[in-house]
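According to our numbering, the sequence shown is numbered sequentially starting from 208. Remarks on the structure that follows.
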Amino acid sequence: TNNLIIVWEGNYRPDKISLCGGMMTLKVRPFVEAARQCFNCYKFGHVKAGCKAKHRRIICRKEGIHGKCDKFVRYANCG
208 TNNLIIVWEG NYRPDKISLC GGMMTLKVRP FVEAARQCFN CYKFGHVKAG CKAKHRRIIC
268 RKEGIHGKCD KFVRYANCG
């Protein structure tokens with residue numbers, strides 16, 4: 208990847224920065240971290256390795272291993 212993460216203090220963020228004595232100018236944009244989703248309980252904000260919940264099926268949210276589900280669709284993040 209051609210990304211460079213630079214951290215600075217304060218609220219001011221420049222539009223661009225110069226490196227190598229001004230020989231290279233780079234545009235600056237905010238870093239937005241990708242959303243993490245657990246593939247154990249299918250909720251957002253954590254990953255399977257740290258999940259303490261019981262495994263849930265992705266469609267009906269019932270506990271159990273993957274398989275056919277004859278229940279209605281109820282997504283994990285919709286209440």
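Cβ atoms here follow ideal geometry from the backbone N, Cα and C, with glycine treated the same way.
Neighbourhood of I224 by C-beta distance below 8 Å, restricted to the same chain and skipping five residues each side | Reading the sequence shown from its first residue, position 17 is the one you call residue 224. So the qualifying residues of the chain are I213, T232, L233 and V235.
From M230, V254, N247 and P237, pick the residue whose C-alpha is nearest to that of R264; which is it?
-> Counted from its first residue, the sequence shown places residue 264 at position 57. Of the listed residues, the one whose Cα sits closest to R264 is N247.
Alpha carbon to alpha carbon, how far is P221 from A241? Give it in angstroms, no decimals.
-> Counting from 1 along the sequence shown, the entry for residue 241 is found at position 34. Counting from 1 along the sequence shown, the entry for residue 221 is found at position 14. Computed Cα separation, rounded: 23 Å.
Hey, C245 and V254 are a contact pair by Cβ (cut 8 Å); roughly how many whole angstroms apart?
-> As a first step, residue 245 must be located in the sequence shown, where it is residue number 38. As a first step, residue 254 must be located in the sequence shown, where it is residue number 47. Yes, C245 and V254 are in contact; Cβ-Cβ is about 6 Å, under 8 Å.
Anticipated Cβ contact below 8 Å, I229 with R243, distance rounded = Working through the sequence shown from its first residue, we reach residue 229 at position 22. Working through the sequence shown from its first residue, we reach residue 243 at position 36. Rather than Ile, the amino acid found at residue 229 in this sequence is Gly. Going by Cβ atoms, the distance from G229 to R243 rounds to 38 Å, so no, they are not a contact pair.
Y249: buried (16+ other C-beta within 10 angstroms of its C-beta) or exposed?
-> Numbered from 1 along the sequence shown, position 42 holds the residue referred to as residue 249. So Y249 counts as buried.
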